[in-house]
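Asker: Residue numbers (mature numbering (1 follows the signal peptide of the UniProt record, and there is no 0)): -20 to -1, 1 to 51.
There's a structure below that I have some questions on.
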């Protein structure tokens, strides 16, 4: 348990901030000043972020139903 706590503390101390998108996308969006493209990229990021959560929730629900049906 102590090793995991030490690892967690080390990861928190030495973490770096991440940008929202890659350097090329960021440069293209900030140089043009086009807000519709920036909004589209942000929507794409949200879609890419939501899909894995929905898949995991669906698999979890299916497992729950299978376990409930057995008992």
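C-beta atoms are modelled at their ideal positions from N, C-alpha and C, and glycine is treated no differently.
Note that the structure is predicted; figures quoted are calculated from it, not measured.
What do you reckon, are the CB atoms on residue 18 and residue 9 nearer than 7 Å?
Answerer: To locate residue 18, count along the chain shown from 1; it is residue 38. To locate residue 9, count along the chain shown from 1; it is residue 29. Result yes, Cβ atoms of residue 18 and residue 9 sit closer than 7 Å.
Asker: Assign residue 51 to one of three DSSP states: helix, strand, or coil.
Answerer: As a position in the chain shown, residue 51 is number 71, starting the count at 1. Here residue 51 sits in coil by DSSP.
Asker: Could you give the residue range of the alpha helix (DSSP H) that holds residue -19?
Answerer: Taking the chain shown and counting its residues from 1, the one referred to as residue -19 is at position 2. Note, residue -19: alpha helix (DSSP H), -19 to -8.
Asker: Roughly how many angstroms lie between the CA atoms of residue 13 and residue 44, to the nearest whole one?
Answerer: Translated into positions along the chain shown, residue 13 becomes position 33. Translated into positions along the chain shown, residue 44 becomes position 64. Straight-line Cα distance between these residues: approximately 48 Å.
Asker: For residue 33, collect the residues of the same chain with a Cβ closer than 7 Å to its Cβ; drop the 5 residues on either side in sequence, then sort them by chain order.
Answerer: By one-based count along the chain shown, residue 33 stands at place 53. Correct list: empty, nothing qualifies.
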